[in-house]
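Please read the structure below before turning to the comments.
Number of protein chains: 4
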Amino acid sequence: MKEKITEKSIRLFDQKGFSETSIQDIVDSIGVTKGTFYYYFSSKEELLMDIHLRYIDDMLDNQHEILGDDSKSSKEKLFAIVQMLLSNIKTQGASAKVFFREMRNLSDESLSEIIPKRDQFRLNIEKLIEEGKQNGEFRANLNSPIIAFGILGVTNWSYQWFNPDGSISDREVAEIFTEMILKGIEI
Amino acid sequence: MKEKITEKSIRLFDQKGFSETSIQDIVDSIGVTKGTFYYYFSSKEELLMDIHLRYIDDMLDNQHEILGDDSKSSKEKLFAIVQMLLSNIKTQGASAKVFFREMRNLSDESLSEIIPKRDQFRLNIEKLIEEGKQNGEFRANLNSPIIAFGILGVTNWSYQWFNPDGSISDREVAEIFTEMILKGIEI
Amino acid sequence: MKEKITEKSIRLFDQKGFSETSIQDIVDSIGVTKGTFYYYFSSKEELLMDIHLRYIDDMLDNQHEILGDDSKSSKEKLFAIVQMLLSNIKTQGASAKVFFREMRNLSDESLSEIIPKRDQFRLNIEKLIEEGKQNGEFRANLNSPIIAFGILGVTNWSYQWFNPDGSISDREVAEIFTEMILKGIEI
Amino acid sequence: MKEKITEKSIRLFDQKGFSETSIQDIVDSIGVTKGTFYYYFSSKEELLMDIHLRYIDDMLDNQHEILGDDSKSSKEKLFAIVQMLLSNIKTQGASAKVFFREMRNLSDESLSEIIPKRDQFRLNIEKLIEEGKQNGEFRANLNSPIIAFGILGVTNWSYQWFNPDGSISDREVAEIFTEMILKGIEI
DNA sequence: AATGAATGAGGTTTCATTCAT
DNA sequence: TATGAATGAAACCTCATTCAT
């Protein structure tokens, strides 16, 4: 039941927004009553925090696995991360959008747990760029922190427009984006 | 007064969110009463629509000016757009965040006016890429629609993290991003 | 309207208790809506605090006037206070019961304002007893603090049983109690 | 278990009030679940009634024993009752406060059982005063019903302020109060 | 141009109670 | 004897909106 509530809430928060979705909306969508909601969650914010934690922990896990694979070059790791983020849209896209858009509705206490994790994800990419600079895969004069923000922009923004059921696959987009990031667009 | 209400609302919507900001919050912040608000706006949504329209029209104007400058190459136009978006963060960052985050709270009628304009901005970039492909500035095999999304990701995401009062200037970031987009990061 | 809400609330809190009286009960009893209540009070607790302050300030004023009357002996002042408390039951009895029973429902902040005033009322009686001991009206060996509690017990408890519309008047009860306090009951 | 629930409930009702204490509060405080509560009590009101009955029956028993002791004079009986009420504060103070404050939350049916017992306790004191008047211990012109209320005021009010662990003992307070009631405070 | 009083719908949350196990 | 899941009514409170002045 808790799982069911969480799943439905992610869909609703994605579609209508956190504040715009009432507990009534949530429980109606799964045919239970408000009491049931409060049996499993002590507040609406706790549910939001659950969703945040679950998402960022999952992303960090995925990232960790990729970065720990010593058989991959820095470029390959970068591609793997881009590909992971794109392919996750299908299953985790709603969570991701909630994560990026609704962080504001977390309590200060919850934020103090989430923000370091979010930053960690970005810093890991920054570290990957540094690694690539040192092993000669990437240009030595790159501003790693800004480039990391740029790469995250490319991937995270795709949650706003990419349709996993559309005519172009997540793998294709990942390839286009990785090539753009690595080689640029000029001739 | 209308201007004052709009300005303050943009700040508040940016900080707390549209649904989380009450009319009371708005009028309190400028020391008037709710009646005053409803003298100038017929609803909260009308105010939101005002903010949206003002932002996207301004962006389209800026873009239009850049794209119409025949003295610029495609690359230069691209740089100019990136630079325009970054430098706008200081004055328009709050509006931009409201634009991207709160579109959901517009009525269907308002959306039908806003969405085509938002799409137009992106399609203009797509067209610029096509133009660059044809005049030999950009690689001919680029997938323009996806690349346009990628470029918008880089710039739009910067509204989430770029601090105009920080140690790195908007111009520097624009240069880093344009170089990344044009040349990529590999050696 | 604020006055009306307060008056009705005192009646209802007296009859049913603070927690047992809903905002709905209050507004129904005067034919307005909940919004109206919250236009005048920011919370149910603020209303309770209003009632408390109004009551204790009134009692302290009354007491102050009696104690400041230099034409009265200590005994006469004591009688006047007892009489004042008894005669107040008719108009202030409901407030008094709310005051004694519902203090628990005040916030800590409100309590820190109310408790010193409540204590002041008692300490003023203690001082009156001391005064009577020194001017030879009262026995010199009295334990003033405990006796003050005893006198307040006699008067305050009367709010629980005394019916101002019954067959015995408040003046008669005040006389009986004053005689009991001054002379005791033994032969 | 039933005993444990009752004991904890008395503490909680005393501290926070009946309506302000939830079944959840009660069962949490003893580490069981709500089902357990409803195994022993059919409703929250039944528990409150249990507490009321237990208290008043106990008081009536104590009073009965004192009044039936033919070796005591009326004055001695009066002192014994005052002393009994004061000394009971330590063990029964919480019950007493619940008894006096929360009677309102009993059903009409429960009230019809409790009120006569409460009145009986007072009428027994009234009878004791009459007895003292007739045997020449108390003044013949006393208004017994009102004096009984006065005596109960002195003792019952002490539940509001007397601290059994403070510097003055219950026996000392009982002596001060009995002397005040018998001899008054004037010289 | 602006106010202040009032509304009413809907929000989150609490809680006594039920019941299958 | 005790649990845990679920209910549904009602609690306090918020807020966009209206309207007479």
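Chains as they are written, first to last, in the UniProt record's numbering: chain D, 1 to 187; chain H, 1 to 187; chain E, 1 to 187; chain B, 1 to 187. For each residue, glycine too, the CB sits at the ideal point set by N, CA and C.
- Taking C-beta atoms under 8 Å as the contact rule, E/G153 and B/W157 qualify, at a distance of about 3 Å.
- As for any alpha helix (DSSP H) of minimum length 4 sitting wholly inside the segment 106–166 of chain E, the runs are 108–134, 144–161, ordered along the chain.
- The CB of H/F121 never comes closer than 8 Å to any CB in chain D; the least such distance is about 13 Å.
- Under the Cβ criterion (8 Å, minimum of three pairs), the segment 101–109 of chain D does not count as touching the segment 76–91 of chain D.
- Collapsing the DSSP output to three states places E/V173 in a helix.
- For chain B, the residues of the UniProt domain "HTH tetR-type" (1–59) of chain E that bring a beta carbon within less than 9 Å of one of its beta carbons are Q15, K16, G17, F18, S19, E20, in chain order.
- Inter-segment contact for the segment 42–57 of chain H and the segment 135–154 of chain H is absent: fewer than three beta-carbon pairs are separated by less than 8 Å.
- Between E/Q63 and E/F121, the C-beta spacing is below 8 Å.
- Taking a contact as a CB-CB distance under 8 Å, the pair H/D14 and H/V98 counts as one, their CB atoms being some 6 Å apart.
- A distance of 8 Å or more separates the beta carbons of H/Y40 and H/K77.
- Identification of residues in the segment 151–183 of chain H having a C-beta nearer than 9 Å to some C-beta of chain D yields I151, L152, G153, V154, T155, N156, W157, S158, Q160, W161, F162, I168, E172, V173, I176, F177, E179, M180, I181, L182, K183, given in sequence order.
- Put simply, of D/H52, D/D25, D/S87, D/L60 the residue whose alpha carbon is nearest the alpha carbon of D/F162 is D/S87.
- Here the segment 120–136 of chain H makes contact with the segment 45–61 of chain H; the two share three or more CB pairs at distances below 8 Å.
- Classified as buried, H/A96 has 16 or more neighbouring CB atoms from the shown chains inside 10 Å of its CB.
- The continuous stretches of alpha helix (DSSP H) do not include B/K72, and DSSP gives it neither H nor E.
- Listed along the chain, the chain E residues whose CB falls inside 9 Å of the CB of B/L111 amount to none; the nearest CB is some 14 Å away.
- The beta carbons of H/I185 and D/I181 sit about 6 Å from each other, so the pair counts as a contact at 8 Å.
- Here DSSP, grouped into helix, strand and coil, assigns B/V27 to helix.
- With respect to chain D, the C-beta atom of H/R118 has no partner C-beta closer than 8 Å.
- For H/L142, the closest Cβ of chain D is nearer than 8 Å.
- Assignment of E/V32 by DSSP, reduced to helix, strand and coil, places it in the coil class.
- The Cβ neighbour count for H/D108, taken over all protein chains shown within 10 Å, is under 16; the residue is labelled exposed.
- When the five nearest sequence neighbours on each side are left out, the beta carbons in the same chain lying within less than 7 Å of the beta carbon of E/E137 are those of S73, S74, K75, in order along the chain.
- E/I89 has a beta carbon lying at 8 Å or more from every beta carbon in chain B.
- Not flagged as an interface residue toward chain D: H/I81, since no C-beta distance is shorter than 8 Å.
- For E/G93, the secondary structure class from DSSP, reduced to helix, strand or coil, is helix.
- Within 9 Å of the CB of E/F99, no CB atom of chain B is found; the nearest one sits about 12 Å away.
- Around the beta carbon of B/D170, 16 or more other beta carbons sit within 10 angstroms, so the residue counts as buried.
- DSSP places H/T21 outside both helix and strand once states are collapsed to three, so it counts as coil.
- Residues of the same chain with a CB within less than 7 Å of the CB of H/G35, apart from the 5 flanking positions on each side, do not exist.
- With respect to the C-alpha of B/P116, the residue from B/I56, B/R139, B/N143 having the closest C-alpha is B/I56.
- Non-local C-beta neighbours of B/I30 in its own chain, meaning closer than 6 Å and more than five positions away in sequence, comprise K4, K8, ordered along the chain.
- Around E/E131, the same chain offers S74 as residues with beta carbons nearer than 7 Å, after the five sequence neighbours per side are excluded.
- From the beta-carbon of D/I114, no residue of chain H is found nearer than 9 Å; the closest lies around 15 Å away.
- Here DSSP, grouped into helix, strand and coil, assigns H/F79 to helix.
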